[in-house]
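Asker: One structure, pasted below without further comment.
Written out as structure tokens, the structure is:
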């Protein structure tokens, strides 16, 4: 039996799959609202403005992904420090 850390390392645990409660439903609703607003906005823009807007969304998504990964790593390290302190 592999440890939970090994399972996480080998990609057998998807942290987002563990979140299936009320917060996941809120996230899905917010994403749906965001997609609807983005579609309405892009329809109203000129071709040049639409290109700029979509580039902005793309850059924000990249930033958001990096930020979320950084927060995950920071949280994981903090949790490890708490665990270490419990046993020392």
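Residue numbers (the numbering used here): 71 to 158.
Every residue gets a Cβ at the ideal spot worked out from N, C-alpha and C, and that includes glycine.
(1) With a Cβ-Cβ cutoff of 7 Å, do residue 76 and residue 83 count as a contact?
(2) In angstroms, rounded to a whole number, what distance separates the CA positions of residue 119 and residue 103?
(3) Thinking C-beta only, is residue 115 closer than 7 Å to residue 123?
(4) Just to confirm the assignment, what range does the alpha helix (DSSP H) spanning residue 112 have?
Answerer: Result, derived from the coordinates:
(1) In the chain shown, the residue the question calls residue 76 occupies position 6. In the chain shown, the residue the question calls residue 83 occupies position 13. No; because the gap between Cβ atoms is not below 7 Å, this pair is not in contact.
(2) Along the chain shown, read from residue 1 onward, the residue named residue 119 stands at position 49. Along the chain shown, read from residue 1 onward, the residue named residue 103 stands at position 33. About 21 Å.
(3) As a working note, residue 123 is residue 53 in the chain shown. As a working note, residue 115 is residue 45 in the chain shown. Contact: yes.
(4) The sequence position of residue 112 within the chain shown is 42, counting from 1. Element bounds for residue 112: 92–114.
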